[in-house]
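Student: This is the structure I want to talk about, given as structure tokens.
Numbering (the numbering used here), first residue to last: 2 to 71.
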């Protein structure tokens, strides 16, 4: 179980209200955030520690990070 990065409750609530997803639950389940933003697939393999850290912040697996951030 991965620990999500700490964000204020106001930010967490805003993300959930805007996108309809619970970033924390997805990260704790080691899954990418669900569609239409992410893919919802398991997030277990990362290219490097920076990519793994990004997962704890955004909830994006390596494939979605590559797609979104280039």
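The beta carbon of each residue, even a glycine, is placed where N, CA and C say it ideally should be.
Look at the Cβ atom of residue 60, then the Cβ atom of residue 24, and state whether they are nearer than 7 Å.
Tutor: Translated into the one-based positions of the chain shown, residue 60 becomes position 59. Translated into the one-based positions of the chain shown, residue 24 becomes position 23. It is a contact, given that the beta carbons lie within the stated cut-off.
Student: Who are the near neighbours of residue 64 in its chain, counting only those whose CB is closer than 7 Å to its CB and skipping five residues on each side?
Tutor: Mapped onto the chain shown, residue 64 falls at position 63. Contacts found: 40.
Student: Quick one: what's residue 43 bridged to in DSSP?
Tutor: Here the question's residue 43 lines up with position 42 in the chain shown. In the DSSP output, where bridge partners are listed per residue, residue 43 has 32.
Student: Where do the N-terminal and C-terminal ends of the alpha helix (DSSP H) with residue 14 fall, by residue?
Tutor: In the chain shown, counting from the first residue as 1, residue 14 sits at position 13. Unbroken alpha helix (DSSP H) run through residue 14: 10-20.
Student: Give me, in chain order, the residues of the same chain whose beta-carbon lies closer than 8 Å to that of residue 2; leave out the 5 immediate sequence neighbours on both sides.
Tutor: One-based indexing of the chain shown puts residue 2 at position 1. Once the five neighbours on either side are set aside, the close Cβ partners of residue 2 are 29, 30 and 31.
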